[in-house]
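The block underneath contains the structure these notes are about, expressed in structure tokens.
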Amino acid sequence: MPIETNVTLVYLIPKVAKPESIHQFRPIGLCNTLYKVVTKILVLHLKPLLSNLIHPLQASFIPSRKASDNVIMVQELIHSMSNSRSTVETMALKIDLEKAYDRFEWSFIHHTLQFFNFPSTWIDLIMSCISSSSLSILVNGECLEKFSPSRGIRQRDHLSPYIFIFCMEYLACLIHDEVVQGNWTGVNPSRDGPSFTHLFFADDLILFAKATKKNCIAINCVLKEFCGASGQKVSLAKSKIFLPKYLDESRFGFLESELGLKISNSFGKYLGVPILVDSWDKKAFDFILEKMRDKLAGWKVRTLSLARRCTLIQAVTTAIPTHIMQCTMLPRKIYI
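Those letters in the sequence shown? Residues 1 to 336, per full-length UniProt numbering, in order.
This is the structure we're talking about:
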């Protein structure tokens, strides 16, 4: 692919109101239009194959699979773990991958595409899209000197999300191997139902296992092998171990030492939805109202006509709670 076609301008969007360091900016890639056409054609050919190639427990970017499906499954699994009368002691791990898109080694991507038996011409074309790229940072509307990356995939690239889930399938295969060997035991929410070891939505990873040393060793082996091969890194500060409240944390100190993560009785949010909260707890959903207030506060600064305000409210603010309402019944106060 010609170098001029694959030049990407990187625009830095602040994550906070007053950013003070580079980590508080989100890089957004502005790709060349011709390059977008090429990658869009590749994606249109890939999409029909995804449901057959990717594990059912990976829900992102795949037709007919939705984020709300994963949220509902996590809610059911965590609820089952928290209210279980079984003597089996279980845990859930929330794993955060640090700068996931930026860390993938190109050699690992090439190996993954070969694993899925893509034709060599396809692999060469995809790798050309990745490896021939050059970047230029936009600062105050001016482009800085171009440079070439040596690893990672670009955000806002049509091809990147699909490359990402193919690479994450390698992790799912490693987990499956440990389960087959009997080293990893998943969580079974019902007597005759399936056992769950993981749920993936892009880089949002939830792992389920028995709270035993044997399972900790298997989890460590899987994560170490995956990170070593792919270049990924687990963020220990943002990852955690969830244990049901009925379990005595003092008996499970070995989990922290084995996995290097902190134990918590609160699962927090998953894909923006609070898990393990009372549906009538109004405070748990205050963040929805805060998001809507922030949107309205921004619009008050502008001189908008009444019709334009109504359109913005209907099109934007009503979309904020929609995702959560697909998974959880909201308190009456939220939708009055």
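Virtual Cβ for every residue (Gly too), placed ideally from N, Cα, C.
Residue i burial status per 10 Å Cβ neighbour count (16 or more: buried)
i, result
"Leu255", "buried"
"Asp204", "buried"
"Ile163", "buried"
"Ile336", "In this prediction, Ile336 has a pLDDT of 47, which is less than 50 and means its spatial position is unreliable; what the coordinates show is noted afterwards. Classification for Ile336: exposed."
"Asn140", "exposed"
"Leu329", "It should be noted that the sequence gives Met, not Leu, for residue 329. Counting Cβ neighbours within 10 Å, Met329 comes out exposed, since fewer than 16 surround it."
"residue 342", "Residue coverage of the chain in this structure runs from 1 to 336, which leaves residue 342 outside it and unanswerable."
"Phe267", "buried"
"His198", "buried"
"His23", "exposed"
"Cys173", "exposed"
"Ile95", "buried"
"Ile13", "exposed"
"Asn83", "exposed"
"Asn215", "buried"
Close beta carbons around residue i, own chain, < 7 Å, minus the five adjacent residues each side
i, result
"Arg191", "none"
"Cys167", "Phe104, Phe108, Ile109, Thr112, Ser230"
"Ile153", "Tyr101, Phe104, Ile130, Ser160, Ile163, Phe164"
"Leu223", "Val234"
Own chain partners of residue i with C-beta closer than 6 Å, once the 5 adjacent residues on each side are dropped
i, result
"Leu113", "Ile123"
"Asn188", "Ser195"
"Asp69", "Ala59"
"Leu261", "Ser239, Lys240, Ile241"
"Tyr35", "Thr5, Asn6"
"Glu249", "Ile263"
Other residues of its chain near residue i: CB distance less than 8 Å, five sequence neighbours each side excluded
i, result
"Arg156", "Ile28, Gly29, Leu30, Cys31"
"Glu76", "Pro189"
Contact belief for residue i with residue j at Cβ below 8 Å, rounded distance in angstroms
i, j, result
"Glu169", "Ile54", "6 Å"
"Ser107", "Asn6", "About 19 Å separates the two Cβ atoms, so there is no contact after all."
"Asn265", "Lys245", "5 Å"
"Ser239", "Leu93", "7 Å"
"Ser21", "Tyr101", "That pair is no contact at about 19 Å."
"Leu42", "Leu138", "Not quite, the Cβ-Cβ distance comes to about 26 Å (not below 8 Å), so this is no contact."
"Leu247", "Glu89", "6 Å"
"Ala218", "Leu243", "That belief does not hold up - the Cβ atoms of Ala218 and Leu243 are roughly 18 Å apart, past 8 Å."
"Ser235", "Leu50", "About 27 Å; that fails the 8 Å criterion."
"Val71", "Leu271", "5 Å"
"Lys18", "Arg26", "Not confirmed; about 15 Å, so no contact."
"Ile320", "Ile288", "6 Å"
Cα-Cα separation between residue i and residue j, rounded to whole angstroms
i, j, result
"Glu142", "Ile78", "49 Å"
"Pro274", "Ile175", "27 Å"
"Thr322", "Ser120", "43 Å"
"Val301", "Lys295", "Here Val301 scores only 48 on pLDDT, less than 50, and its place in the model should not be relied on; the value that follows carries that caveat. For Val301 and Lys295, the distance between alpha carbons rounds to 11 Å."
"Glu145", "Tyr11", "14 Å"
"Val178", "Trp184", "Note that residue 178 is Glu in the sequence shown here, rather than Val. Cα to Cα, Glu178 sits roughly 6 Å from Trp184."
"Leu46", "Ala202", "17 Å"
"Ile126", "Gly186", "35 Å"
"residue 409", "Arg151", "In the structure displayed, the chain extends from 1 to 336; residue 409 sits before or after that span and is not available."
"Leu44", "Ala67", "21 Å"
"Ala209", "Phe115", "27 Å"
"Met73", "Ala315", "29 Å"
"Phe252", "Met81", "16 Å"
"Cys221", "Phe200", "18 Å"
"Met292", "Cys310", "14 Å"
"Thr39", "His158", "6 Å"
"Leu61", "Lys213", "First, the amino acid is wrong: residue 61 is Phe here, not Leu. Approximately 35 Å between the Cα atoms of the pair."
"Ser257", "Leu57", "29 Å"
Counterpart residues of residue i in DSSP-defined beta bridges
i, result
"Pro27", "Leu12"
"Lys240", "Lys94, Lys262"
"Gln58", "Phe200"
"Tyr35", "Tyr35 is not bridged to any residue."
"Cys143", "Leu138"
"Lys245", "DSSP, once it has assigned bridges, lists no residue as partnering Lys245."
"Ala209", "Met91"
"Tyr170", "Beta-bridge pairing links Tyr170 to no other residue."
"Lys269", "Pro274"
"Val234", "Leu97"
"Val7", "Ser134"
"Leu187", "In the sequence as presented, Leu is not what sits at residue 187; that position holds Val. Phe196, per the DSSP bridge assignment."
is_contact[residue i, chain C] using C-beta, thresh 8 Å
i, result
"Ser133", "Of the protein chains in this structure there is only one, and it is not chain C."
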